[in-house]
Each structure stands twice: as C-alpha cells, then as structure tokens.
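Taken in order, these protein sequences are the chains called W and S.
Mapped onto the numbering used here, the consecutive letters of the first sequence carry residue numbers 22 to 277.
Mapped onto the numbering used here, the consecutive letters of the second sequence carry residue numbers 911 to 1133.
Accompanying notes for the structure given below.
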Amino acid sequence: MQLSVDIELTLKTRQRRKAREFSLHARFDSAEDRVVFFGPSGSGKSVTLQAIAGLIQPTRGHIRLGGRTLFDSAAGISLPARARRIGYVFQDYALFPHLTVFENAGYALRQWPRPLGHETRERILHMLDVFGVAALANNLPSELSGGQRQRVALARALLHEPEVILLDEPFSAMDFLLRDKMREELAAIQARFNVPIVLITHDLKDVRAFADTLVVYQYGTIAKVLPCREMCRHEGETQAWASIFEACSGVFNKAT
Amino acid sequence: MELTVADWQTLRLTLKVASLATLYALLLGVTLAWVFARFRFIGRDVLDAVLTLPMVLPPTVLGYYLLVLFGRRGALGPWLEENFGIQLVFTWQGAVVAAAIVAFPLVFKSARAAFEDVEKNMEQAARTLGSREIGVFFRVSLPLAARGIVAGMLLAFARAMGEFGATLMVAGNLPGRTQTLSMAVYEAVQAGDDVRANTLALLISAVCVTILALSGYFLSPKR
C-alpha cells in the first residue's frame, strides 16, 4: 500500500476555560502494508489517523493512498469520510449500542432504509463466523467482553471492504494476557484478508509485531521514519530491532 | 357522578389539541435541537433564550403575543386568512398553536441534551462506514437520543393537556368548540357546580396517571 502523508493542522481545544493550541506537522511515506505510529500521548498520532480517515480536515498538505488523492489543499480536494473506504477501529471500538452484533457488523452493507438482502446476511454471518462471534450475532455490544468487541469492530470495518484499516490503540483497554492473544489474532486477520493496516501504539511489543514501517512521533511532529522490514533484511533482526527500540525510547527520554 | 356527552366531547377535543400540539412541538423541537447540538452560529445564545421563553413567560403574556401576531388586525392574521383560510382566534386550531408553543421548550431542551450526549465517535464511525449525513441522523444520532426525546415528548403532552392561560387568550372558552378539560373545570368551579368539577378533575387526573404510567414503562432502563 502506497501511503503518502504531508499535512499541517492546528487544533484549538478548551481545557478549564483556557484556550490551548496544538499544531501538528506530519510528513511520511510508506509502501509497506503494516505501518505503526509510535510516540508519547498528545504527540499527534491520533490526529494524523483521523485526518487520513477524513474525520478532521488539515489546513494544508496532502494525503494520498494507493494512487488515490484523499486530500490535497492545493488542488482543493477533500473526500468526505464516507467516500474514503477506510476502516477505522476506534480506541473504544465505537460499536453502536442500540444495534445487535449482527446489525453492527452489517452496518456498511445495508442500503438504508431497505432491509438487508439474503445474500448479504449470509456474508455478514460468514464474517462473524471467521471472527468466532457468530453465536453472539443477536447480542448487544454491552453484553460482550473487550476481546469480542474488538472482533466485532474489525468485522464491521472489514465488511466495508476498506483499502486500509486504521486502528487507534487497539489493545490499550485489555489486560496483558488478552493483549497477546488479540495481537496474534490481528496479525492473522491482516495476513488472511491481505488488508493493509496502520496502527497506533505505546507498546513496543506491538511495534515488534506489526511495524514494517515505523513512524515515531514527538511533540506534534515526526521525529523519525524507520523502514523496519528493510533494516531487518540488511542488518539482521537482532541488530535492527535493537536500534529501532533505542530510537523509540529516545523520544520518551527527550520528552521528560 | 356521571359523564355527559358534552364531557366526552371536551375530553376528545382536549386529547386532539394536546396530540397535535405535541406533534408540532416534536417536529420543530427535534429539528432545532439537532441544529443547536451540531452547529455553532452567530446569535445562537440569543436564539436559544428566545426559544426557551415560552417556558418562563406567563402563559397570558404568551397568549397576548399570539393575539398580536395572529389576531384579526395582527401582523400575520389577515395574511393567513387570505392565503390559507386559516383563522386562529377563537378556533381549536388556535388552541393547538398556543399549546404547541407552550410545550415546545420541553421537547427542545430534552432533545438537545440527548443529542449532545450522543458520543461523537458513534457518528464518526457511521461516516467511516459510508453513511451519508441523513443516514447518520436516522440510523445513529436519533435512535441514541430517542430516550431523551420521548421523555421530553411526554412532558410536552402533559403540559399541552393542562394548558390554560395562552389557550384561553387565543381560543377562548367556547363549550363544544374550544373548551378543553382544564377550562371546563374552571368554569364548573366558577358556576358552583361541585359535582361536575369533581368529575372532570377526576377524569383529567386519570388521564395524567395513565400517561405517567405509560412513560414509566417505556422509559425504564431495561424492558
């Protein structure tokens, strides 16, 4: 997947009546199918992800994905989120609480207000089966465990047939045992559906598991872009990961 | 203690006026609540205050404003009558307008709070899944805000049922034409007809208890 991002934006937020400004300048290119954003909280990883999905509009720059221009301020292009075909797995999964697991998964496929067709229903059930949650099809999200919720969120995103799936700290709400399990599951799903992913994390284990390209954030800008897969090939895995982890911890040391 | 045909007619008119008033208050209230919850615009706070006014103004003042607007010599009255043949003064339609305006802030306030409580992530998720804005509204925002809206709607209905002051000013108290239950009670008391006052008071209480019981059933957390 060819992903090219070069964006600038300023967010104004209010915290306890004080106006705060956060500016981000993010620029990187990657041709890999598994990209990881790593960096301290508030460094702009999540904002970049939202800009790629079309949930935030940058003030300047461009976002290109696999030959499509999603955003280009110079050319006046900004595709709305609904037209970008990008799967987004929110940190809290953002499952619709009033819809069943089945209806959640099938959200993108339903030509509202028409009901779902027979074939589409089969397709949704099949996808739920792949994720091992078919038995929960008629349950509400509130009745699911954290791992099950994530599976449903992934199934929902995949059924939209996205060109890339963006995951905002997908394992942060899980305990350590579950985290390891879901990490393996996500890797297997990524390989099975051959869908590119961009993942945000604070966890070096996730970096090790998913980073073909690693984008390291610091203070609203990108400190380093590391081609991990390339590095492994040239320097050997042990040497490469040692230097990658060193670069990762570097941003935290400088931050404090 | 017995209900006459006229009493049943009064009840029917009361329910008709209250239902229509609630419907209009609902449509307008939900639409404006969504606009207020979603958009920032100039004059938002002032408009918000004006829209909330019917809740705090004395109903008679409100009725007076309505007369000034829709009366025979009012600003809009002659125009409405010429173009649409609608007459609001001393008609049951006038009672509907008065009750709708009095009940409106109750729907508006609770619907607005309900829309503001809908997590932004839910609407964003719907967009990334390909939903147009109208789909986001009907498939996500509205269902998630439904409980608050229904609560406001029931309050609005109860308020419209008991509407007295504004309705009296605009529609008058014409038995069989514009007289609602609350006015009939007033009239019975004035006339010293204790039996009729008792009967009507019990009737109105029974209807209100039914509404409250129904709302309690529909609004309980888990059915």
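Cβ atoms here follow ideal geometry from the backbone N, Cα and C, with glycine treated the same way.
Taking CB atoms only, A1035(S) has a neighbour in chain W less than 8 angstroms away. Judged by DSSP secondary structure, D50(W) falls within the beta strand (DSSP E) whose first and last residues are K39 to S51. If you draw a straight line from the Cα of E1026(S) to the Cα of G108(W), it is about 25 angstroms long. By the CB criterion at 8 angstroms, T69(W) and F59(W) fall outside the cutoff. By the Cβ neighbour-count rule, V978(S) is exposed, with fewer than 16 other Cβ atoms within 10 Å of its own. Counting along the chain, I1011(S) sits inside no beta strand (DSSP E); it lies in the alpha helix (DSSP H) bounded by residues W1002 to D1027. Spanning the alpha carbons of A178(W) and L116(W) requires a straight line of approximately 11 angstroms.
Near chain S, meaning a CB-to-CB distance below 9 angstroms, the residues of the segment 76-108 of chain W are L76, P101, A102, R103, A104, R105, R106, I107 and G108. A1107(S) is not a Cβ neighbour of V1117(S), given a cutoff of 8 angstroms. Within the model, the alpha-carbon separation for G1004(S) versus I1011(S) is close to 11 angstroms. Using a Cβ-Cβ distance cut-off of 8 angstroms, the segment 38-52 of chain W and the segment 94-112 of chain W are not in contact, since fewer than three pairs of beta carbons, one from each stretch, lie closer than that value. Shown here for S51(W): same chain residues with a beta carbon closer than 7 angstroms to its own, the five before and five after excluded, namely L24 and T234 in chain order.
According to the DSSP assignment, R85(W) belongs to the beta strand (DSSP E) that extends over R81 to L86. Listed as beta-bridge partners of L24(W) by DSSP are S51(W) and L86(W). Restricting attention to alpha helix (DSSP H) runs no shorter than 4 residues, the segment 918-985 of chain S encloses them at 954-966 and 969-980, ordered along the chain.
Secondary structure at F117(W): coil, using DSSP grouped into helix, strand and coil.
For the segment 179-211 of chain W, the set of positions with a beta-carbon nearer than 8 angstroms to some beta-carbon of chain S reads H181 in chain order. The segment 143-156 of chain W and the segment 65-85 of chain W do not touch, with fewer than three beta-carbon pairs separated by less than 8 angstroms. Separation of M1079(S) and G973(S) (C-alpha to C-alpha, rounded to the nearest whole angstrom) is 5 angstroms. The three-state reading of DSSP puts A155(W) in helix, counting H, G and I together. DSSP lists no bridge partner for D196(W). Contact between the segment 131-148 of chain W and the segment 201-218 of chain W is absent: fewer than 3 CB-CB pairs across the two stretches fall below 8 angstroms.
In this structure, L1129(S) sits near V1060(S), with a CB-CB distance shorter than 8 angstroms. In the structure shown, D201(W) adopts helical secondary structure according to DSSP, grouped into three states. For the segment 1046-1075 of chain S, residues whose beta-carbon sits nearer than 7 angstroms to a beta-carbon of chain W comprise R1049, V1050, P1053 and L1054. Annotation for A1070(S): the continuous alpha helix (DSSP H) segment containing it runs L1052 to G1072. Within the DSSP secondary-structure output, Q239(W) pairs in a beta bridge with T242(W). Chain S places no beta carbon closer than 8 angstroms to that of W262(W), leaving this residue out of the contacts.
Contacts with chain W at 8 angstroms (Cβ-Cβ) do not include N993(S). Neighbourhood of R177(W) in chain S, by CB distance below 8 angstroms: L1039, in chain order. By the criterion of at least three beta-carbon pairs nearer than 8 angstroms, the segment 919-939 of chain S is in contact with the segment 1060-1072 of chain S.
Setting aside the 5 residues that flank it on each side, G65(W) is surrounded in the same chain by L45, A47, Y238 and G241, each with a C-beta closer than 7 angstroms to its C-beta; the list follows chain order. Taking CB atoms only, R948(S) has no neighbour in chain W less than 8 angstroms away. DSSP places L1122(S) inside the alpha helix (DSSP H), whose first and last residues are D1104 to L1129. Residue T1077(S) holds the alpha-carbon nearest to the alpha-carbon of M1093(S) among T1077(S), G1102(S), D1104(S) and L963(S). Within the model, the alpha-carbon separation for V236(W) versus T121(W) is close to 36 angstroms.
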